[in-house]
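Okay, so here's the structure we're looking at.
2 protein chains.
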Amino acid sequence: MPERDLQYLAELAAQLRVDSVRAAAEAGSGHPTSSMSAADLMAVLFACHLSYDFDHPDDPANDQLIFSKGHASPLLYSLYKAAGVIDDEELLSFRRRGSRLEGHPTPRLPWVDVATGSLGQGLPVGVGVAMAGRLERLPYRVWVLCGDSELAEGSVWEAAEHAGAEGLANLTAIVDVNRLGQRGPTRHGWDTGAYARRFGAFGWHTIEIDGHDPGQIDYALNDACNTRRRPTVILAKTRKGEGVLEVENREGAHGKALKDPDKAVAELGGVRDVHVEVRKPVPGATPYRFAATGIQVPAYSVGDQVSTRTAYGEALKALGAARGDVVALDGEVADSTKTQTFAEEFPERFFEMYIAEQLLVAAAVGMQVRGWKPYAATFAAFLTRAHDFIRMAGVSGASIRLVGSHAGVAIGEDGPSQMGLEDLAMLRTTYGSTVLYPCDANQTAALLSEMADLDGVSYLRTTRGDTPVIYEPGERFPVGGSRVLRQNPGDRATVVAAGVTVHEALAAADELRASDIPVGVIDLYSIKPVDAAALIQAATTTGNLITVEDHRAEGGLGDAVSDAVSELGPRVVKLAVTDLPGSATPREQLSDAGIDHTAIVAAVKRLL
Amino acid sequence: MPERDLQYLAELAAQLRVDSVRAAAEAGSGHPTSSMSAADLMAVLFACHLSYDFDHPDDPANDQLIFSKGHASPLLYSLYKAAGVIDDEELLSFRRRGSRLEGHPTPRLPWVDVATGSLGQGLPVGVGVAMAGRLERLPYRVWVLCGDSELAEGSVWEAAEHAGAEGLANLTAIVDVNRLGQRGPTRHGWDTGAYARRFGAFGWHTIEIDGHDPGQIDYALNDACNTRRRPTVILAKTRKGEGVLEVENREGAHGKALKDPDKAVAELGGVRDVHVEVRKPVPGATPYRFAATGIQVPAYSVGDQVSTRTAYGEALKALGAARGDVVALDGEVADSTKTQTFAEEFPERFFEMYIAEQLLVAAAVGMQVRGWKPYAATFAAFLTRAHDFIRMAGVSGASIRLVGSHAGVAIGEDGPSQMGLEDLAMLRTTYGSTVLYPCDANQTAALLSEMADLDGVSYLRTTRGDTPVIYEPGERFPVGGSRVLRQNPGDRATVVAAGVTVHEALAAADELRASDIPVGVIDLYSIKPVDAAALIQAATTTGNLITVEDHRAEGGLGDAVSDAVSELGPRVVKLAVTDLPGSATPREQLSDAGIDHTAIVAAVKRLL
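Read top to bottom, the protein sequences are chains A and B.
As numbered in the numbering used here, residues 3 to 610 make up the first sequence, in order.
As numbered in the numbering used here, residues 3 to 610 make up the second sequence, in order.
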């Protein structure tokens, strides 16, 4: 590299450090030192290797950059300033109310695709973006800037395993090994060899460099681009706070503005006005999409016994035929969730993520960045493994579709470890989420198609065992709606149910009618958003609501109902799973948990 | 090994297979094939290496065995039968209602310490048990039987990193590499070298063997016992369904009873009556505990400004002085959570788990198996990373204490990725949990001590910023209680708050009183169990409850209150975080989220 270029890169990096210090100083908080360690790495990437059109962030040929160490946001924003897409005034709005420049990057900025700040998520999400690139037959690259501390997260090794085994050569991890975590030295310090051995064992190409030497950085980034059949990790030895004696390579300087920013800026050579010209990709690229071959929505006859998981599999296959942008991801349980039905028809759009639920969700987030419609399925219970990824998908505004099978005690003999009893609560708390819970096969098929165009995180909960088909094929079930299944003028109470308990509620209503106690039944298939109007009407009419759910008493259907009617003040009796189940048949489980038709009858009688 | 011993081991293994087939056949479900692959491994372990007194499962000198592949429960129960602690009749009660022999092992059995069935959890929990062994200065060994499929879970590599780096030589992982997962071949099939390279890179001693050769198994287990300063992984190549042609090494035979069990039993040589004599440990071992040095509970003066996280750190230090069984674990944020205060006083009882929250919780579960009182702390937001481990801790009945700092929007500028807004919902759904949320420093100290003797998963939520001390030192705050802070005969409504919102509620009550609208205020520091009596009384008196919480609207304090009073039917207005926060000061955040005193005043006025 010519001396002139090296000088330019040094100047650019110095400006990035200066601006990181200034932004944090103005905010009075933030992570300047974690930004300074990675400044040379990002200066060389932006000046020499990144291919990105800042005027057209949606250009499908753009490289994808993920700041997994999201706390280094001052560096990212300083890069934006150097690239000329934000000005100095906006830079100095860092961390202020209303500013797009938040403490950690979010997609409020047009050049940020996924929110980061929960460590260990950037690389798994990057795997999904890289998988999409292969599918789209586009040559963009995925660059992920990681910290060294976050390599302790297991999710990083789920990503390393998948990328290594699949040979995702379009993925490069750049690890800023600054040796200092939040509270002190990392486990491996500057031993980049320790990380190289680990990534190497997982099938990655590894390069160890001095992360402050632009020549070595340039060589490594080139090497990453030229490496075939393997992802590359660049392990860059750096110094936290590089360039300012007060904080350089010192403990106790994490996550704080510098004490004397003016002195620091002077030490770094003062404020500059260096511009970085990021190379634009060749225009006109079109991502490959699969052809739509027509739809044949599955139809089930009323009275048939079909599990909702079976209907999900068949409906997903139909959706795959109707739309070329639908993809499916599996946590090595596709035969149980029935994603297998889709996989057999569309093997090239089916992704086996093995038993790695964090990666399962992260890869879905990565694929939706590129416009795909991912459906990711596993047992409802095991989605809890990915809770933090689901939470962050909500922050990112990512449109992913999650499917949790084997909901509740109704699974029967397998016991509590396999029962999804917390999933409704988890998905309801997710920002911007939709939570759906069908009770029959036709309803499942209808809701599955509804999900395809929903924004945000949406969730479909399915049941292991067969349930009777009660709705005609082709009926519509809008998100946010409900179905009144029993309603009589003299109703003494209304039973609100969803999924497997709808059938228990119907049986209970029949039994109660025989005892001259008419009750209404609502199928609340949309748990979030919830049909407040229908619930309020029922509450107003009968004054007594009985909720019944195959889920824990906290945070699920019962709470959704209470919440919808709470300002009205009807009596609400909640039937839910409160004890720890053991092994038993599905019927015994429903009875033992007190959520079967007998329990509903007893609750109504007790209430009245 | 003499021929006679080899014959005995072959007979014992054959019986384990026969009994696994019989138990699953009787149940009509279960995992006989996954049991059969590991039968030789466990036969040799039980006959030659395990040190365990089945009559005294609490003997501290006992080895610890964890079936991480919990679906191989038929094998575990067949081992119990061979050891003579259950009879054939009980074996055949497998998966039946009321039986201790559940689909996946749980501590309902006296010889099972932790429930398994969610894969990838046994090894991280084993790390905690092994850490305890080192602390207790006892020579017991920890044996973890893993499947090959579950090695895809990131949590396994969090455990591998910690055990390798810490040199936990008392830990042995035995991996049953039967090459077949649930839906088909695993990623690496029989390539035990792929796993050996990975574990080797993480610092483990690795041994690759034929898992059906008792001589090789015996050698490997011996080698594990004789290896110093490193944990050992035995990678055993096996065949799923070994011994029965119908299922041996075949796809599609996962998780099902055999079609023709009688033929299979005949093929395996018929029913046997082989007894295995498990060697007992030398009696009289006593685990080391640290000396108690007296307690000096921190006391804060009313009116002082102290953050609850600071009080947690100081109270934990005091508790550590008072009790020799208290240990603390950190997810590399001890300076933020303030576990650091404990760490500085008791470095030998402080465990840095780095940024690996699944391992953080799992290690706590492992340590409590041995009678320690672990407190594990990180940001509340990042506890979501460990949701599945918390869920399973609930199933295990594990007594662990979790502390989540940086709760809610009140953290300020850092933005949504760092805000714990889902933690109350997550912890409330956990079976058998306790959820506490103090509003001042003295209350924090009091609740922290209460937690030490609680059963099950307990959770303390702390706040980043300073809050005024409102309670006198030494006041008691029983779990399940609440505090009425304002109450007047003419109260028009009652505001129910906890943590940071208590102070907002008090300010609102003062403002409202100035407008001649008296309202009551309840500090609901115990979110679960909740003080239903106090809430019902308030609801009965004023008829109007306003809940206000720095948490999402779903599953938190508001839902807990609604639930407690739902059968009574007062009006409940819920103030909670509904939008996606950005960066702003703590005060701006509370205002933007509509949970500050101004919002409370407005809500009361709107309601009345």
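No residue lacks a Cβ here, since even glycine has one placed at the ideal position from N, Cα and C.
Predicted model only: the values in this text are computed from it and were never measured.
Is DSSP giving residue i helix, strand or coil here?
| i | result |
| --- | --- |
| Trp-374/B | coil |
| Gln-66/B | strand |
| Leu-182/A | strand |
| Asn-546/B | strand |
| Ala-435/B | Here the sequence assigns Ser to residue 435/B, which means Ala is not the residue at that position. Coil, per DSSP. |
| Asp-616/B | Only positions 3 to 610 of chain B appear in the structure, and residue 616/B is not among them; the question remains open. |
| Tyr-461/B | strand |
| Val-273/A | coil |
| Leu-247/A | coil |
| Gly-422/A | strand |
| Ser-309/A | strand |
| Arg-19/A | helix |
| Glu-551/B | strand |
Restricting to Cα atoms, I'd like to know which of the options is closest to residue i.
| i | options | result |
| --- | --- | --- |
| His-553/B | Thr-341/B, Asp-337/B, Gly-596/B | Gly-596/B |
| Ile-602/A | Arg-274/A, Val-575/A, Asp-468/A | Val-575/A |
| Asp-561/A | Gln-420/B, Ile-219/B, Thr-431/B | Thr-431/B |
| Glu-458/B | Val-367/B, Ala-382/B, Phe-48/B | Residue 458/B is actually Gly in this sequence, not Glu. When each option's Cα is compared against that of Gly-458/B, the closest is Val-367/B. |
| Tyr-314/A | Arg-463/A, Ser-528/A, Met-3/A, Ala-605/A | Arg-463/A |
| Lys-71/A | Asp-65/A, Gly-32/A, Leu-121/A | Leu-121/A |
| Val-127/A | Leu-404/A, Trp-145/A, Val-497/A | Trp-145/A |
| Glu-477/A | Pro-470/A, Val-498/A, Thr-446/A, Ser-80/A | Thr-446/A |
| Tyr-527/B | Thr-549/B, Thr-312/B, Val-308/B, Glu-346/B | Thr-549/B |
| Gly-183/A | His-256/A, Ala-383/A, Arg-24/A | His-256/A |
| Ala-324/A | Leu-47/A, Thr-310/A, Leu-450/A | Leu-450/A |
| Val-276/B | Gln-9/B, Arg-99/B, Ala-586/B | Gln-9/B |
| Arg-608/A | Leu-577/A, Val-498/A, Glu-590/A, His-505/A | Leu-577/A |
Below 6 Å CB to CB, which residues in the same chain sit around residue i once its five sequence neighbours on both sides are set aside?
| i | result |
| --- | --- |
| Tyr-82/A | Ile-88 |
| Ala-509/B | His-599 |
| Ser-53/B | Asp-65, Arg-281, Pro-283 |
| Gly-406/A | Ala-382, Leu-385, Gly-422, Asp-425, Arg-463 |
For a contact meaning CB atoms closer than 7 Å, what does residue i contact in chain E?
| i | result |
| --- | --- |
| Glu-92/A | Among the chains of the structure shown, chain E does not appear; the protein chains present are A and B. |
Can you give the beta carbon distance from residue i to residue j, rounded, assuming they're within the 8 Å contact cut?
| i | j | result |
| --- | --- | --- |
| Gly-326/A | Ala-293/A | 6 Å |
| Gly-169/A | Arg-232/A | 6 Å |
| Ser-37/B | Ala-74/B | 5 Å |
| His-214/A | Met-428/B | Contact doesn't hold; Cβ gap of about 42 Å is too wide. |
| Arg-19/B | Leu-270/B | 5 Å |
| Ala-266/B | Glu-248/B | 7 Å |
| Gly-119/B | His-106/B | 3 Å |
Applying the criterion that 16 or more other CB atoms from any shown protein chain within 10 Å of the CB defines a buried residue, is residue i buried or exposed?
| i | result |
| --- | --- |
| Asp-60/B | exposed |
| Ala-516/B | exposed |
| Thr-436/A | buried |
| Glu-138/A | buried |
| Met-369/B | buried |
| Ala-667/B | This structure leaves residue 667/B out entirely; chain B is present only between 3 and 610. |
| Gly-296/B | exposed |
| Pro-1/A | Outside the displayed range of chain A (3 to 610) lies residue 1/A, so it cannot be described from this structure. |
| Leu-537/B | buried |
| Pro-588/A | buried |
| Val-304/A | exposed |
| Ala-448/B | buried |
| Lys-261/A | exposed |
| Thr-496/B | buried |
| Asn-490/A | exposed |
Under 7 Å Cβ to Cβ from residue i, same chain only, skipping five residues before and after it: list those, please.
| i | result |
| --- | --- |
| Thr-208/B | Ala-198, Phe-201, Gly-202, Val-235, Leu-237 |
| Leu-47/A | Trp-145, Leu-223 |
| Asp-42/B | Ala-15, Gly-213, His-214, Pro-216, Ile-219 |
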